[in-house]
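Everything below concerns the one structure shown next.
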DNA sequence: AAAAAACTATTGTACTACTATTGATTTAAC
DNA sequence: GTTAAATCAATAGTAGTACAATAGTTTTTT
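Protein chains in written order, with the numbering used here: chain A, 9 to 247; chain B, 9 to 247.
What follows is the structure, encoded as structure tokens:
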């Protein structure tokens, strides 16, 4: 949806309402205000409100019927793999639990993607993995620079190399998960280069066309992040 | 979106246009007709057209800007985990290749979900797995009855028992994949009961709280389906 | 030739009017 | 008095008109 300032009215309202719903301000019992009330609340036309409602309905958050108004759907039917929905969830206080679930998904997807990349990946796609690895190493050597961007590029390029469109489509999901991850890992800058080398090992396995090795190395990578979270969860339980 | 007859105008148009886009009738070069042209084509008001356009935009299929009209977005940004988008893809001739990618996702997700269910699953959720297994066995004994429904319930209940909302959300995806799968497996009815028993083994592992066993048994289950597809793909290549 | 201005096609927003759906209420029938 | 039918009313659905904002395209100016 680009920058907030560039959004048109209905998109801005979609954002507002989306956040409010995910944050629980409107729920299944309360529902949403009627279109007329929303017009008053935002001081805009019904046209714009309705378009926002339609967009939220398309993402599974709400549904609307005559006489009955606008309902909030059960969270189970929200489209969690929609980038907007995901971001709204995170903005409303991402619990450690959600973060752990993120990592469980990554742990399911990424090792498999790495194995497929090793098995079927086209050479040019694998070359892109090498590129992102290179910028990772460079970032690790440069002070005051974060690995985030190149780290993401690395993981994304593996999803692409897997040749599976459904895996590649999760790049936004992974990006979001990675972003939240980083907030929790409080990076000791010295470790950046060792992180980069762990990633290099995955790349080497893919280049050498060793699916099972690539799979297990990628698993280890994510499991380490998982351990950090588990320790935090543990600490919170004891407090 | 319920039955087609019950849909309102903008939803029906959303369906029509969505199918057409996914089928390639409109693409990135051509774009879509302008709102005015769509009004003429469908003989309906601009209001309804615009609402349909907004819904498709919310699913990542298109974007629209003044003076420029309605663009088709790159397939990479379509929300593939949206039930509608998925169905439109399948209706427009599901290639074996897509089916294989489906199974690769299942192969990533479901074994992991089974392991989590064995590790963390609540007893009442595991009881639901048992229920669906029971109706699977019953269906296997009954002639002229398909396993499909109970098979799906089995896999869904494991996703639920994993306790991970992102896994559970993939139930529609799995459902769709399973549906397509079944069209290709031309089931020898005699094998239904053996299929049911393979599923039973997964359940037993979960009940016994053996994550790794549950994982590998689930993997095997899906890999068998994968082999069927691979053979078909092979046959097609030779033809 | 480059920059500025004017033009134009298309979506964005607002408003009004009417229709359709459906839950709630009242009335009628037994 | 209970049930069924008819009526009512609230809300979203659809249509149409008008104008604003945006952003390519063309023309004019320098």
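Virtual Cβ for every residue (Gly too), placed ideally from N, Cα, C.
Quiz item: Secondary structure at residue 103 of chain B, three-state DSSP: helix, strand or coil?
Solution: Residue 103 of chain B sits at position 95 when you count from the first residue of the second chain. Note: residue 103 of chain B maps to coil in three-state DSSP.
For residue 79 of chain B, three-class secondary structure by DSSP
Against the second chain, residue 79 of chain B aligns to sequence position 71. Residue 79 of chain B falls in the strand class under three-state DSSP.
Exercise for review: Indicate whether the contact test is met: 3 or more Cβ pairs, each with one atom in the stretch 80-96 of chain A and one in the stretch 124-132 of chain A, closer than 8 Å.
Suggested key: No: the two stretches stay apart, fewer than three of their Cβ pairs being nearer than 8 Å.
Is the stretch 133-143 of chain B in contact with the stretch 200-220 of chain B, if contact means three or more CB pairs nearer than 8 Å?
The stretch 133-143 of chain B, when compared against the stretch 200-220 of chain B, does touch it at the 8 Å Cβ threshold.
message: Quick check on the burial criterion: 16 or more other C-beta atoms within 10 angstroms. Buried or exposed for residue 171 of chain B?
response: Taking the first residue of the second chain as 1, we reach residue 171 of chain B at position 163. By the neighbour-count rule (16 or more Cβ atoms within 10 Å), residue 171 of chain B is buried.
Start-to-end residues for the beta strand (DSSP E) that takes in residue 72 of chain B: Looking up residue 72 of chain B in the second chain gives position 64. Residue 72 of chain B -> beta strand (DSSP E) spans 70-73.
Could you check whether residue 188 of chain A and residue 102 of chain A sit closer than 8 Å to each other, using their CB atoms as the reference points?
As a first step, residue 102 of chain A must be located in the first chain, where it is residue number 94. As a first step, residue 188 of chain A must be located in the first chain, where it is residue number 180. Pairing residue 102 of chain A with residue 188 of chain A gives a Cβ-Cβ distance under 8 Å.
Taking a contact to mean a Cβ-Cβ separation below 8 Å, would you say residue 17 of chain B touches residue 56 of chain B in this structure? For the purposes of this step, residue 17 of chain B is taken as residue 9 along the second chain, with counting starting at 1. For the purposes of this step, residue 56 of chain B is taken as residue 48 along the second chain, with counting starting at 1. Residue 17 of chain B places its beta carbon less than 8 Å from that of residue 56 of chain B.
- Query: If you draw a straight line from the C-alpha of residue 269 of chain A to the C-alpha of residue 223 of chain B, how long is it?
  - Reply: It is not possible to answer for residue 269 of chain A, since the shown part of chain A is limited to 9 through 247.
Original post:
In angstroms, rounded to a whole number, what distance separates the CA positions of residue 149 of chain B and residue 53 of chain A?
Top reply: Mapped onto the second chain, residue 149 of chain B falls at position 141. Mapped onto the first chain, residue 53 of chain A falls at position 45. When rounded, the distance between both Cα atoms is 60 Å.
- Nearest candidate by alpha-carbon position, reference residue 177 of chain B, set B:218, B:91, B:162 and B:231: Here the question's residue 177 of chain B lines up with position 169 in the second chain. When each option's Cα is compared against that of residue 177 of chain B, the closest is B:91.
**Asked** Taking 8 Å as the CB-CB limit, is residue 162 of chain B close to chain A?
**Response** Counting from one through the second chain, the residue named residue 162 of chain B turns up at place 154. False, the Cβ-Cβ gap to chain A never drops below 8 Å.
Legend entry - Test: residue 63 of chain A CB closer than 8 Å to a CB of chain B: Position 55 of the first chain, counting from 1, holds the residue named residue 63 of chain A. Yes, because at least one Cβ of chain B sits closer than 8 Å to the Cβ of residue 63 of chain A.
Just to check my reading of the structure: residue 209 of chain A and residue 186 of chain A have Cβ atoms closer than 8 Å, yes? What is that Cβ distance to the nearest angstrom? The count along the first chain starts at 1 and reaches residue 209 of chain A at position 201. The count along the first chain starts at 1 and reaches residue 186 of chain A at position 178. Rounded, the Cβ-Cβ distance is 19 Å, inconsistent with contact.
Check this for me: beta carbons of residue 26 of chain A and residue 64 of chain A, under 8 Å apart or not?
To locate residue 26 of chain A, count along the first chain from 1; it is residue 18. To locate residue 64 of chain A, count along the first chain from 1; it is residue 56. Yes, the pair counts as a contact, with Cβ atoms nearer than the cut-off.
>> Below 8 Å on C-beta distance, what does residue 18 of chain A contact in chain B?
In response: Working through the first chain from its first residue, we reach residue 18 of chain A at position 10. In chain order: 62.
Pick helix, strand or coil for residue 84 of chain A, following the three-state DSSP scheme. For the purposes of this step, residue 84 of chain A is taken as the residue at position 76 of the first chain. Three-state DSSP puts residue 84 of chain A in a helix.
* How close, in whole Å, do the beta carbons of residue 59 of chain B and residue 70 of chain B come, if the pair is a contact with beta carbons under 8 Å? -> Numbered from its first residue, the second chain carries residue 59 of chain B at position 51. Numbered from its first residue, the second chain carries residue 70 of chain B at position 62. In fact, because the Cβ distance is near 13 Å, the residues do not count as touching under 8 Å.
I'd like to know if the stretch 33-48 of chain A and the stretch 38-48 of chain B are in contact, where contact means that at least 3 CB-CB pairs between them fall below 8 Å. Contact between the stretch 33-48 of chain A and the stretch 38-48 of chain B is absent: fewer than 3 CB-CB pairs across the two stretches fall below 8 Å.
Assign residue 228 of chain B to one of two classes, buried (16 or more other C-beta atoms within 10 Å of its C-beta) or exposed (fewer than that).
Within the second chain, numbered from 1, the residue matching residue 228 of chain B stands at position 220. Taking all protein chains shown into account, residue 228 of chain B has fewer than 16 neighbouring C-beta atoms within 10 Å of its C-beta and is therefore exposed.
inquiry  = Using C-beta distances below 8 Å, list every residue in its chain close to residue 175 of chain A, excluding the 5 sequence neighbours before and after it, in chain order.
reply    = Taking the first chain and counting its residues from 1, the one referred to as residue 175 of chain A is at position 167. Residues 117, 120, 121, 124 and 167 of the same chain have their beta carbon placed closer than 8 Å to that of residue 175 of chain A, with the five preceding and five following residues left out of the count.
TODO: Could you tell me whether the Cβ atoms of residue 115 of chain A and residue 234 of chain A are closer together than 8 Å?
DONE: As a first step, residue 115 of chain A is located in the first chain; it is residue number 107 there, counting from the start. As a first step, residue 234 of chain A is located in the first chain; it is residue number 226 there, counting from the start. For residue 115 of chain A and residue 234 of chain A, yes; Cβs fall inside 8 Å.
Buried or exposed (CB count within 10 angstroms, at least 16 for buried), residue 152 of chain B: The count along the second chain starts at 1 and reaches residue 152 of chain B at position 144. Exposed, because fewer than 16 other Cβ atoms sit within 10 Å of the Cβ of residue 152 of chain B.
- [ ] Go ahead and label residue 32 of chain A buried or exposed: buried means 16 or more other beta carbons lie within 10 angstroms of its beta carbon, across all protein chains shown.
- [x] Against the first chain, residue 32 of chain A aligns to sequence position 24. Residue 32 of chain A should be labelled exposed.
Please state if the CB of residue 104 of chain A and the CB of residue 241 of chain A are separated by a distance shorter than 8 Å.
-> The sequence position of residue 241 of chain A within the first chain is 233, counting from 1. The sequence position of residue 104 of chain A within the first chain is 96, counting from 1. Yes. Within cutoff.
Note to self: Quick check: is the beta carbon of residue 177 of chain B nearer than 8 Å to any beta carbon in chain A?
What the structure shows: In the second chain, residue 177 of chain B corresponds to position 169, counting from 1. Cβ-Cβ to chain A under 8 Å: yes for residue 177 of chain B.
Assuming residue 236 of chain B contacts residue 192 of chain B under a Cβ cut-off of 8 Å, what Cβ separation, rounded to an integer in Å, is found between them?
Here residue 236 of chain B corresponds to residue number 228 of the second chain, with the count starting at 1. Here residue 192 of chain B corresponds to residue number 184 of the second chain, with the count starting at 1. 7 Å between Cβ atoms; contact.
Mind listing the chain A neighbours of residue 109 of chain B? Cutoff is C-beta to C-beta under 7 Å, in chain order. In the second chain, residue 109 of chain B corresponds to position 101, counting from 1. Per Cβ cutoff of 7 Å: 172, 173 and 174.
(message) Classify residue 165 of chain B: buried if its beta carbon has 16 or more other beta carbons within 10 angstroms, exposed otherwise.
(response) Here residue 165 of chain B refers to the residue found at position 157 of the second chain. Buried.
* To do: My understanding is that residue 259 of chain B touches residue 40 of chain B, with C-beta atoms under 8 Å, so please give their C-beta distance in whole angstroms.
  => Look at the range of chain B in this structure, 9 to 247, and you will see that residue 259 of chain B is not part of it.
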